[in-house]
Amino acid sequence: MATKTVATALQRTLTDLIDLGLPAKQAHWNVTGPHFRAVHLHLDELAAATREHADSVAERLAALGVSPDGRASTVAAESTLPGLPAGPLADRAAAEAGILAATITGLRAGTAATGEPDPVSQDLLIGIAADLEKQHWMFQAQTR
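Numbering of the sequence shown is given in UniProt numbering, commencing with residue 1 and proceeding in unit increments.
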């Protein structure tokens, strides 16, 4: 039961991290506005960070004997994140899209679920949440 709880939290996090990285690149390619350069570069940094975090989560799943599932069909079916509109995206809209905040909310739920059964997985999720919360703050600061 404990492994299933941890595996579910980690798989959800993996799915959301993969899904966060995709719209981060989409926004990176389509961002416009007076804060273009700062937001454009920051979106690229966010996309890179999500790939690293997703890799860490997938490796933790594998270490627990659970096969991580990062297939596009799984991400499309199971992601809990809101979508990103197509086309040009104003810098403020990119910074406030809600996708990063939704990822953080999911991470906090995963942190709560993994604390008792697996403090090592919880620690991993806490570190990722701390990084993404910092990223979220930095996006907000750039466009206010």
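Don't be surprised by glycine CBs; every beta carbon is placed ideally from N, CA and C.
Below 6 Å CB to CB, which residues in the same chain sit around residue i once its five sequence neighbours on both sides are set aside?
{"i": "Q135", "result": "L46"}
{"i": "L17", "result": "T50, H53 and A54"}
{"i": "A94", "result": "A27, V31 and V39"}
From residue i to residue j, what does the alpha carbon distance come to, in whole angstroms?
{"i": "H35", "j": "P88", "result": "14 Å"}
{"i": "A48", "j": "L132", "result": "12 Å"}
{"i": "Q90", "j": "P68", "result": "The sequence shown places Ala at residue 90, rather than the Gln named in the question. Going by the C-alpha atoms only, they are around 35 Å apart."}
{"i": "V57", "j": "D123", "result": "11 Å"}
{"i": "E59", "j": "A72", "result": "18 Å"}
{"i": "K25", "j": "R144", "result": "22 Å"}
{"i": "A112", "j": "A77", "result": "24 Å"}
{"i": "T3", "j": "V66", "result": "9 Å"}
{"i": "G33", "j": "A97", "result": "15 Å"}
{"i": "G70", "j": "A63", "result": "16 Å"}
{"i": "W29", "j": "R92", "result": "15 Å"}
{"i": "A86", "j": "G127", "result": "31 Å"}
Just to confirm my understanding: we take residue i, look at its own chain, exclude 5 residues before and 5 after, and list those with CB closer than 7 Å. What are they?
{"i": "I99", "result": "L20, P23, L81, P82 and L84"}
{"i": "R108", "result": "A129"}
{"i": "G106", "result": "R12, T13, D16 and T80"}
Below 7 Å, is the gap between the Cβ of residue i and the nearest heavy atom of the ligand ATP?
{"i": "E133", "result": "Among the ligands in the structure shown, none appear at all, so the ligand ATP cannot be discussed."}
Under DSSP, the alpha helix (DSSP H) around residue i begins and ends at which residues?
{"i": "G110", "result": "I99 to T114"}
{"i": "H40", "result": "F36 to A63"}
{"i": "V75", "result": "A72 to E78"}
{"i": "R144", "result": "Looking at the DSSP string, R144 is not in any alpha helix (DSSP H), and its letter there is neither H nor E."}
{"i": "G21", "result": "A2 to N30"}
{"i": "A95", "result": "D91 to A95"}
With distances taken between CB atoms, is the gap from residue i to residue j smaller than 8 Å?
{"i": "T5", "j": "P117", "result": "yes"}
{"i": "R12", "j": "G115", "result": "no"}
{"i": "T74", "j": "T8", "result": "no"}
{"i": "L61", "j": "L125", "result": "no"}
Beta-carbon within less than 8 Å of residue i's beta-carbon, same chain only, minus the 5 sequence neighbours each way: which residues are those?
{"i": "A102", "result": "D16, T80, L81 and P82"}
{"i": "H42", "result": "Q135, M138, F139 and Q142"}
{"i": "I104", "result": "A129, L132, E133 and H136"}
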